[in-house]
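Worksheet for the structure shown next.
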Amino acid sequence: MAKINSNYDKLAAGYLFPEIAKRTKAFQEKNQGVEVLRLGIGNTTEPLAPSIIKALKLGVEKLSDVKTYTGYGDEQGDTRLRKAIADFYTGRGVSIEADEVFVSDGAKPDSANISSIFSQDCVVAVQDPAYPVYVDSNVIAGRSGKAKDGTYAGFVYMPCNEKNGFFPEVPKQKVDLIYLCSPNNPTGTAATKEQLKKFVDYARKNKAVIIFDSAYATFISDPKFPRSIYEVEGAKECAIEINSFSKSAGFTGVRLGWSIVPKNLVAEDAAPGKINSLWNRRQITMFNGASNIVQEGGLACLNEQGLAENQKIIDYYMGNARIIKKGLEEKGLKVFGGVNAPYLWVKTPNKMKSWEFFDKMLSEAHVVVTPGSGFGPSGEGYFRVTAFGHRENIIKAVESVKKNLSI
Ligand SMILES: *Cc1c(COP(=O)(O)O)cnc(C)c1O
1 MAKINSNYDK LAAGYLFPEI AKRTKAFQEK NQGVEVLRLG IGNTTEPLAP
51 SIIKALKLGV EKLSDVKTYT GYGDEQGDTR LRKAIADFYT GRGVSIEADE
101 VFVSDGAKPD SANISSIFSQ DCVVAVQDPA YPVYVDSNVI AGRSGKAKDG
151 TYAGFVYMPC NEKNGFFPEV PKQKVDLIYL CSPNNPTGTA ATKEQLKKFV
201 DYARKNKAVI IFDSAYATFI SDPKFPRSIY EVEGAKECAI EINSFSKSAG
251 FTGVRLGWSI VPKNLVAEDA APGKINSLWN RRQITMFNGA SNIVQEGGLA
301 CLNEQGLAEN QKIIDYYMGN ARIIKKGLEE KGLKVFGGVN APYLWVKTPN
351 KMKSWEFFDK MLSEAHVVVT PGSGFGPSGE GYFRVTAFGH RENIIKAVES
401 VKKNLSI
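Just so you know, the sequence shown maps onto residues 1 to 407 in the numbering used here.
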């Protein structure tokens, strides 16, 4: 008699983005012909850089010739790409070895799958608000109790608010797995070295492991913010870093990412080397490697030309962010983030609830934003605006907010 994994039934109903889609569709059906402007979902919109396209084509070409054809590659990734990623860290003053790099099909799957190499009874701590994957994957894995009022029993929520600059304090109690994301989605805020150091110190003291999501690292323009947690001394003993080509190179649909599992990483019952070999074992068993065509593209993202071309696209999105920030501030709204990350985190006016404001924004300005409460209880009273989008649509949306939103 088969039984389902009933942890799925614990997941709080109505994932954020389907609910946004539902309300947007209902609005469009009632208001035929009205143009809806989308600043909701964080999805890249600009074409890939020329040298990356060339490399992807080369990847295809290689498959056309018996002399260069390849079938299954290493589960851990193409040796050239693993080395290029390691060198990319060296360029930032962080020494990572190629066999600490695991190429993957993206940061979302890695951040969801990584917890499988840790014990069932680990206590999980997350930033609040956070990218929903960290919480949901641990609910599915059975590490939580029941959901109540937007939180799960058994998880430690670390509030990020105006008072603490949207970066949490270390937990007062003992936790085992700590999920951090910087620059943060949704708050658009980057952590300083001092802030990260407190977590590294905490983790080393408590033999906890930090899962550090740095998917937006390349959006940091201010050198005061670390682009990798390994810039903090001792982090290789306590942190796994997950990264992606999705936002830095427009690979959201192409699919490519990586995780760094340092050989020095330890846990309560794991000596150096053990966790690296566990993740290796997990990938060999459950993953057959990233696409060879796509890895050719990834390689091109990391050479000088690729980095420069992608930087231009990042600058374009950050130009959008400046336009949004200026427009919303002129409207009298309080805006956070949007300087070292492609997201703006905005306080709702007049203490409105996130969803209440979502409906108002949609009906008055015809602009779709993301309600902050969808990212955790501390997101209540905020909304997220994405800077991903075509410039003309961004301008149109900002103009409409300025003209049509009544506050
Ligand atoms: C977009 C995003 C990712 C990227 O996931 P991929 O699977 O690589 O596309 C990872 N983490 C966060 C916080 C994100 O917003």
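Don't be surprised by glycine CBs; every beta carbon is placed ideally from N, CA and C.
task: Could you tell me which of E268, T79 and H390 sits nearest to A321, measuring between CA atoms?
output: For the purposes of this step, residue 321 is taken as residue 321 along the sequence shown, with counting starting at 1. Nearest C-alpha to A321 among E268, T79 and H390: H390.
Cβ-heavy atom distance, D269 to ligand 1, below 7 Å: For the purposes of this step, residue 269 is taken as the residue at position 269 of the sequence shown. No, since every heavy atom of ligand 1 falls outside the 7 Å radius drawn around the Cβ of D269.
field: Rounded separation between L278 and S116 - CA only
entry: In the sequence shown, residue 278 corresponds to position 278, counting from 1. In the sequence shown, residue 116 corresponds to position 116, counting from 1. Computed Cα separation, rounded: 10 Å.
- prompt: Can you tell me the Cα-Cα spacing of K207 and E329, whole angstroms?
  reply: Here residue 207 refers to the residue found at position 207 of the sequence shown. Here residue 329 refers to the residue found at position 329 of the sequence shown. Rounded to whole angstroms, K207 to E329 spans 43 Å at the Cα level.
query: Would you say the beta carbon of A107 comes nearer than 7 Å to a heavy atom of ligand 1?
result: Taking the sequence shown and counting its residues from 1, the one referred to as residue 107 is at position 107. Indeed, a heavy atom of ligand 1 lies less than 7 Å from the Cβ.
query: In terms of residues, what are the limits of the alpha helix (DSSP H) holding M318?
result: Numbered from its first residue, the sequence shown carries residue 318 at position 318. Where M318 is concerned, the enclosing alpha helix (DSSP H) stretches over E304 to E330.
field: S259 to Q76 span [Cα, whole Å]
entry: Mapped onto the sequence shown, residue 259 falls at position 259. Mapped onto the sequence shown, residue 76 falls at position 76. Those two C-alpha atoms are separated by around 10 Å.
query: Y8 lies in the alpha helix (DSSP H); which residues open and close that run?
result: Residue mapping note: residue 8 aligns to position 8 of the sequence shown, counting from 1. Unbroken alpha helix (DSSP H) run through Y8: N7 to K10.
query: Is C301 helix, strand or coil by DSSP?
result: The sequence position of residue 301 within the sequence shown is 301, counting from 1. If DSSP states are grouped into helix, strand and coil, C301 belongs with the helices.
- request: Tell me R410's beta-bridge partners as DSSP assigns them.
  value: Limits of the chain in this structure are 1 at one end and 407 at the other, which puts residue 410 out of reach.
query: Just how far apart, CA to CA, sit E35 and G253?
result: The residue given as residue 35 occupies position 35 in the sequence shown. The residue given as residue 253 occupies position 253 in the sequence shown. Straight-line Cα distance between these residues: approximately 25 Å.
query: Who are the Cβ neighbours of G379 in its own chain at under 8 Å, not counting the five residues just before and after it?
result: Locating residue 379 in the sequence shown gives position 379, counting from the first residue. D128, P129, P186, S354, P371, G372 and S373.
- prompt: Identify the residues that DSSP records as bridge partners of P159: which are they?
  reply: Walking along the sequence shown from the start, residue 159 turns up at place 159. Note: P159 sits in a beta bridge opposite D128.
message: Can you tell me where the alpha helix (DSSP H) holding F17 begins and where it ends?
response: For the purposes of this step, residue 17 is identified with residue 17 of the sequence shown, where counting begins at 1. Segment L16 to K30, the alpha helix (DSSP H) holding F17.
message: Shorter than 7 Å, the distance from the beta carbon of A98 to the closest heavy atom of ligand 1, or not?
response: Mapped onto the sequence shown, residue 98 falls at position 98. A98: no, Cβ never under 7 Å from ligand 1.
message: Nearer than 7 Å: is that true of the beta carbon of A290 relative to any heavy atom of ligand 1?
response: Reading the sequence shown from its first residue, position 290 is the one you call residue 290. At a threshold of 7 Å, A290 does not count as near ligand 1, since its beta carbon sits no closer than that to any of the ligand's heavy atoms.
message: Once DSSP output is grouped into helix, strand and coil, what is the label at S244?
response: Residue mapping note: residue 244 aligns to position 244 of the sequence shown, counting from 1. In the displayed model, S244 falls within a strand according to three-state DSSP.
message: Does the beta-carbon of D136, which I'm using as the reference point, lie nearer than 7 Å to any heavy atom of ligand 1?
response: Along the sequence shown, one-based indexing puts residue 136 at 136. Taking 7 Å as the cut-off, one finds no heavy atom of ligand 1 near enough to the beta carbon of D136.
Sub-8 Å separation of L56 and E392 beta-carbons: By one-based count along the sequence shown, residue 56 stands at place 56. By one-based count along the sequence shown, residue 392 stands at place 392. Their beta carbons are not under 8 Å apart, which means L56 does not touch E392 by this criterion.
query: Just to confirm, are F388 and T45 a CB contact at a threshold of 8 Å?
result: Along the sequence shown, one-based indexing puts residue 388 at 388. Along the sequence shown, one-based indexing puts residue 45 at 45. Taking 8 Å as the cut-off, the Cβ atoms of F388 and T45 count as close.
- prompt: Touch check for the stretch 81–91 and the stretch 338–354: three-plus C-beta pairs under 8 Å?
  reply: Result no; under three Cβ-Cβ pairs closer than 8 Å.
message: Let me confirm a value: F357 is counted as buried when at least 16 other C-beta atoms fall within 10 Å, else exposed. Which label applies?
response: Counting from 1 along the sequence shown, the entry for residue 357 is found at position 357. By the neighbour-count rule (16 or more Cβ atoms within 10 Å), F357 is buried.
- prompt: Going by beta carbon distance, what residues of the same chain come within less than 7 Å of A267, once the five residues before and after it are set aside?
  reply: As a first step, residue 267 is located in the sequence shown; it is residue number 267 there, counting from the start. K207, V209 and I275.
- prompt: What are the uninterrupted segments assigned as beta strand (DSSP E) that are 3 or more residues long and contained completely in the stretch 174–203, given in chain order?
  reply: Secondary structure remark: continuous beta strand (DSSP E) runs of at least 3 residues inside the stretch 174–203, in chain order: 177–181.
CB contact flag (K10, A147, <8 Å): As a first step, residue 10 must be located in the sequence shown, where it is residue number 10. As a first step, residue 147 must be located in the sequence shown, where it is residue number 147. In this structure, the beta-carbon distance from K10 to A147 falls below 8 Å.
- prompt: Among C122, A153 and L344, which has the Cα closest to the Cα of D269?
  reply: Taking the first residue of the sequence shown as position 1, residue 269 is located at position 269. The residue with the shortest Cα to Cα distance from D269 is C122.
- prompt: How many whole angstroms separate the CB atoms of A125 and P159, which I take to be in contact at a CB cut-off of 8 Å?
  reply: By one-based count along the sequence shown, residue 125 stands at place 125. By one-based count along the sequence shown, residue 159 stands at place 159. Not a contact, Cβ separation roughly 11 Å.
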